[in-house]
């Protein structure tokens, strides 16, 4: 895998680049739709290509529980299992263990948890996370880190930074001793922790950079902290992370978050917002959100967004989509998901174009003004 | 609208034909997917075209309750509302009133019922059914009939036959006095009732034939009677219905039902079986049913049907689809629906080809033998 910066914006830290993987090239900055369980909820792999998804994310925790690693391994990896032949990134499983499962015990050895599905007991370690992700066959494997909540105090976050350092060493040792079982390259991204504390971020970055071969992640943000603190932290990270590797901001965010993070040097994103909000009837547009359940759209025969070129806006009206949500027709969930993913991926494409053109900052100010976001 | 028989089988009553409507031609025999509420559940209009649907059915009862006729009328009719530009047939609403709503009173005037959704009271008459269907804009409008249950005795069915006669006259008078509000032709199909009693079927056919301009329906079957009685009744209808009009057997059926009914002169079908069973994980194939939730498919990386050319069988494995059903991922419901509709519509195409070739009877015996249906 390799990464090349194509163009750096003169007025901000925004840049375009190409990340090459054995499953294809990724134009950055890029947004990665979340394919929780081996499917981006409601949509097919072909539809993901229609909305120009270049890479998707799979959740190790979910896939480990269902359908289990043996099945995906027997299928020839997650790409084959779900019929997605472009790049895949898998998370480490840690975040869901911390946020979704019943957490029993964290030690330097690993994390003991109970499944949110059936209460069954599991033990996840850095080695096991690497092994699972190798078996899933992801192009990009995420390091196993400890992600404390945003309201954790400095000493808790400090301890997470220290543990994350111990764990990255074990992740790295495991990967060195156990080469990929598939015939494509799998590259690990270490994850910088440290909450919103610059000194801890600096420490964690120094811990992680030696393990970053072609990409590094900013973890532990968008977990409840204030937006200004999040952007300050991203800006600080921008100043200390290597320029020649892609930076992946985990779990972020809204359209305005993406624009502001790109201007602070972020190259990759994932988030459930476009897909989850879609299933709640919330559509993203260049003029802000459309909550399609609203009564005012009952007789509205215009598309979700007049200026949008997605197949949903070409083919269906607000009145019809609202009706689908009213009758709980699952087709509605899909139409919303396709529109929102198109919106997100089109937004990334717009950013790439304007960085390339050299007017990213001017464009982004205008765009943010029109967004009218809460 | 007009209908032309293209080829009649010499060994059976099967025939091919073309039914021309203002929204396009329909090759018969044909199966009509059921689009309950302005959507064939889980699939998009484009996907319906991919599986070669030529006409779909809309349910007047459901559409009348949600989203209501005013909205669909304002949209410019059901075709426009749901973005389906091929022919649509709507039922009269009567069947759902009898089977789904709380029925309060049936008189010669009409049917008083309460919505299954909110208990609201409604009164449906032949005139109102015609008016609603005109507003929906269906190419084929179904007469308002009384459909008694299969266990009704002869005198109950006799009374339904008599009431259906009174009602067809009122339907016809309403349509004569109130021309279509859209710029396409809307043709009413009368519905023959009479249960499994030949004398009542004969009476009802005589009542209905004068009102059949370009199509007639066989109602009151597949409501619980034994299969031999159903086929005997279809055979009897074949002997007395006009040859030069399409015959629509309402609410039928399984793949083997379709083949046997086509051999008895039926041209059109609708049924929820392919779509409803799909959502329960039951796939139709040329060798019988595949219940994908079955444990034996867990590691089965073959397609649902090796010989099927639908996009689902080309792109996905049994193991993956089973996983989607296990995690309750709605993508699974859609993949199953697309496969089953493809199967049904491909089966109709096969029948048309073999009628055309002249070997329908030989082919159908072989096909039924391989089906292995319960």
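Protein chains in written order, with the working numbering: chain A, 1 to 374; chain B, 1 to 374.
Think of the CB as a built atom: it goes at the ideal place given N, C-alpha and C, for glycine as much as any other residue.
All figures in this text were calculated on a predicted structure; none of them were measured in a lab.
Whole-angstrom distance between residue j and residue i, CA atom to CA atom
i: residue 194 of chain A; j: residue 75 of chain B; result: 55 Å
i: residue 19 of chain B; j: residue 245 of chain B; result: 9 Å
i: residue 94 of chain A; j: residue 103 of chain A; result: 11 Å
i: residue 130 of chain A; j: residue 166 of chain A; result: 14 Å
i: residue 82 of chain B; j: residue 326 of chain A; result: 14 Å
i: residue 370 of chain A; j: residue 254 of chain A; result: 14 Å
i: residue 294 of chain B; j: residue 319 of chain B; result: 10 Å
i: residue 364 of chain A; j: residue 292 of chain B; result: 49 Å
i: residue 356 of chain A; j: residue 46 of chain B; result: 36 Å
i: residue 148 of chain B; j: residue 211 of chain B; result: 21 Å
i: residue 226 of chain A; j: residue 150 of chain A; result: 9 Å
i: residue 61 of chain A; j: residue 146 of chain A; result: 14 Å
i: residue 110 of chain B; j: residue 128 of chain B; result: 9 Å
i: residue 33 of chain B; j: residue 268 of chain B; result: 11 Å
i: residue 237 of chain B; j: residue 202 of chain B; result: 8 Å
i: residue 218 of chain A; j: residue 249 of chain A; result: 5 Å
i: residue 180 of chain B; j: residue 55 of chain B; result: 20 Å
i: residue 172 of chain B; j: residue 152 of chain B; result: 27 Å
i: residue 259 of chain A; j: residue 27 of chain B; result: 53 Å
i: residue 41 of chain A; j: residue 115 of chain A; result: 21 Å
Buried or exposed (CB count within 10 angstroms, at least 16 for buried), residue i
i: residue 345 of chain B; result: buried
i: residue 243 of chain A; result: exposed
i: residue 2 of chain B; result: exposed
i: residue 265 of chain A; result: buried
i: residue 70 of chain A; result: exposed
i: residue 302 of chain A; result: exposed
i: residue 191 of chain A; result: buried
i: residue 305 of chain B; result: buried
i: residue 285 of chain B; result: buried
i: residue 44 of chain A; result: buried
i: residue 126 of chain B; result: buried
i: residue 287 of chain B; result: exposed
i: residue 164 of chain B; result: buried
i: residue 352 of chain A; result: buried
i: residue 134 of chain B; result: buried
i: residue 154 of chain B; result: exposed
i: residue 331 of chain B; result: buried
i: residue 239 of chain B; result: exposed
i: residue 118 of chain A; result: exposed
i: residue 49 of chain A; result: exposed
Proximal chain A residues relative to residue i, where beta-carbon distance stays under 7 Å
i: residue 319 of chain B; result: 71, 75
i: residue 316 of chain B; result: 83
Per-residue contacts from residue i into chain B (C-beta, under 9 Å)
i: residue 299 of chain A; result: 70, 71, 74, 75
Proximity test, Cβ basis, 9 Å: residue i and chain A
i: residue 43 of chain B; result: yes
i: residue 306 of chain B; result: no
i: residue 6 of chain B; result: no
i: residue 136 of chain B; result: no
i: residue 100 of chain B; result: no
i: residue 334 of chain B; result: yes
i: residue 311 of chain B; result: yes
Closer than 7 Å at the beta carbon, the chain B residues around residue i
i: residue 39 of chain A; result: 324, 329, 331
Contact with chain B by residue i, beta-carbon distance below 9 Å
i: residue 33 of chain A; result: no
i: residue 87 of chain A; result: no
i: residue 407 of chain A; result: Any question about residue 407 of chain A goes unanswered here, given that chain A covers just 1 to 374.
i: residue 46 of chain A; result: yes
i: residue 235 of chain A; result: no
Partners in chain A for residue i, counting only beta-carbon separations shorter than 9 Å
i: residue 67 of chain B; result: 298, 319, 320, 322, 323, 326, 327
- request: At 4 residues or longer, and completely inside the region 280-365 of chain B: list those alpha helix (DSSP H) runs for me, N to C.
  value: 311-315, 318-326, 330-357
### Message
To test your reading of the DSSP string, which unbroken beta strand (DSSP E) runs of 3 or more residues are found completely within the region 111-136 of chain B?
### Response
Assignment of beta strand (DSSP E) within the region 111-136 of chain B, counting only whole runs of 3 or more residues, yields 111-114, 121-124 in chain order.
Q.
To test your reading of the DSSP string, which unbroken beta strand (DSSP E) runs of 3 or more residues are found completely within the region 24-103 of chain B?
A. 24-28, 30-32, 56-58, 88-90
Self-check item: Complete alpha helix (DSSP H) runs within the region 224-290 of chain A (minimum length 4 residues, chain order)
Solution: 227-240, 255-262, 273-279
To test your reading of the DSSP string, which unbroken beta strand (DSSP E) runs of 3 or more residues are found completely within the region 143-194 of chain A?
187-189
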